[in-house]
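**Student:** Have a look at this one before I ask anything.
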Amino acid sequence: MIEPEVDNYYLSTAYLPPVAYVKVISGSSATFIEKSENYQKQSYRNRCYIYSANGPLPLIIPIVRGGDDRKIDTIRIDYSKEWQKQHWRAIFSAYNTSPFFDYYKDDIYPFYCNQEPYLLNFNTKILNTILELVGLDARPGFTNEFRDCVDGVDLRDAIHPKRDEETENKYGQYHQVFAHKYGFIPNLSIIDLLFNEGPNAITYL
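The sequence shown begins at 427 in the working numbering and counts up one residue at a time.
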């Protein structure tokens with residue numbers, strides 16, 4: 427996916443993004459998150475996938491309803507639903523027996539207690555925490571305005587749940603708690619790699 431001679435990579439915002447997303451950040455000299463695009467449903471912008479006891483499980487952040495064509499930086503999270511409690515319970519159930527869950531849980535749990543109003547800000551804060559835990563110094567910047575054509579590699583819509591089959595054979599395997607039941611599942615949320623591989627996650631990236 428990454429071409430060393432290209433400097434800039436452009437991504438959409440993402441909630442606990444998949445491994446492919448973090449690989450881009452790890453392997454590029456500069457990444458930019460698009461903050462001027464319109465919000466898109468059924469994307470990683472407000473969902474992630476973890477490995478539960480029953481297989482892949484989507485965790486979706488509910489957003490406050492509004493009209494179409496809303497800019498991503500205006501999207502508000504709907505806290506009238508107890509999604510934080512539900513997501514943390516799902517994460518705990520999926521990973522509490524993983525090798526490194528206890529090591530990292532205290533860094534991630536606060537995101538499921540505090541109420542950040544805006545989706546973009548929430549995603550950015552939890553992403554930066556994850557990057558720090560993984561051991562990456564890189565931090566994505568933001569675009570200043572929306573452009574159909576960017577001066578670099580445009581991955582704003584390339585990393586998408588419906589396109590995961592395009593990347594599933596590109597990565598090696600690592601330990602997963604429920605692999606004995608369903609086999610290795612690639613390109614799940616970065617927390618799947620972090621909780622299972624810990625300090626070795628950066629070598630996988």
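Yeah, the Cβ is synthetic: ideal placement off N, Cα and C, and Gly gets one too.
Are threonine 439 and isoleucine 498 touching if we call contact CB-CB under 8 Å?
**Tutor:** Along the sequence shown, read from residue 1 onward, the residue named residue 439 stands at position 13. Along the sequence shown, read from residue 1 onward, the residue named residue 498 stands at position 72. Their beta carbons are under 8 Å apart, which means threonine 439 touches isoleucine 498 by this criterion.
**Student:** Which residue comes first and which comes last in the alpha helix (DSSP H) that contains glycine 453?
**Tutor:** Within the sequence shown, the letter at position 27 stands for residue 453. Looking at the DSSP string, the run of the alpha helix (DSSP H) that includes glycine 453 is 445–453.
**Student:** Which same chain residues end up closer than 8 Å to tyrosine 544 when comparing Cβ atoms and leaving out the 5 residues on each side of it in sequence?
**Tutor:** Locating residue 544 in the sequence shown gives position 118, where the first residue counts as 1. Contacts found: Asp499, Thr500, Ile501, Arg502 and Ile503.
**Student:** Do arginine 473 and tyrosine 505 have their C-beta atoms within less than 8 Å of each other?
**Tutor:** Residue mapping note: residue 473 aligns to position 47 of the sequence shown, counting from 1. Residue mapping note: residue 505 aligns to position 79 of the sequence shown, counting from 1. Cβ atoms of arginine 473 and tyrosine 505: not closer than 8 Å.
**Student:** Got a sec? Which residues, its chain only, sit under 7 Å from isoleucine 428 by beta carbon, not counting five neighbours each side?
**Tutor:** Numbered from 1 along the sequence shown, position 2 holds the residue referred to as residue 428. In this prediction, isoleucine 428 scores a pLDDT of 42, lower than 50, which makes its location untrustworthy; the coordinate-derived value is nonetheless stated afterwards. Hits under 7 Å: Val450, Gly453 and Ser454.
**Student:** Does tyrosine 441 come out as helix, strand or coil in the three-state DSSP assignment?
**Tutor:** Position 15 of the sequence shown holds residue 441. Correct three-state label for tyrosine 441: coil.
**Student:** Taking the CB atoms as reference points, tell me whether tyrosine 477 and leucine 614 lie closer together than 8 Å.
**Tutor:** Position 51 of the sequence shown, counting from 1, holds the residue named residue 477. Position 188 of the sequence shown, counting from 1, holds the residue named residue 614. Yes. Within cutoff.
**Student:** Do lysine 461 and threonine 569 have their C-beta atoms closer together than 8 Å?
**Tutor:** The residue you call residue 461 lines up with position 35 of the sequence shown. The residue you call residue 569 lines up with position 143 of the sequence shown. Yes. Within cutoff.
**Student:** Terminal residues of the continuous beta strand (DSSP E) containing tyrosine 538?
**Tutor:** Along the sequence shown, one-based indexing puts residue 538 at 112. Per DSSP, tyrosine 538 belongs to no beta strand (DSSP E) and is neither H nor E.
**Student:** Just how far apart, CA to CA, sit alanine 584 and threonine 523?
**Tutor:** As a first step, residue 584 is located in the sequence shown; it is residue number 158 there, counting from the start. As a first step, residue 523 is located in the sequence shown; it is residue number 97 there, counting from the start. If you take the alpha carbons of alanine 584 and threonine 523, they lie about 33 Å apart.
**Student:** Please state whether DSSP places valine 408 in a helix, a strand or coil.
**Tutor:** The structure shown does not extend to residue 408, since the chain is modelled only from 427 through 631, so no value can be given for it.
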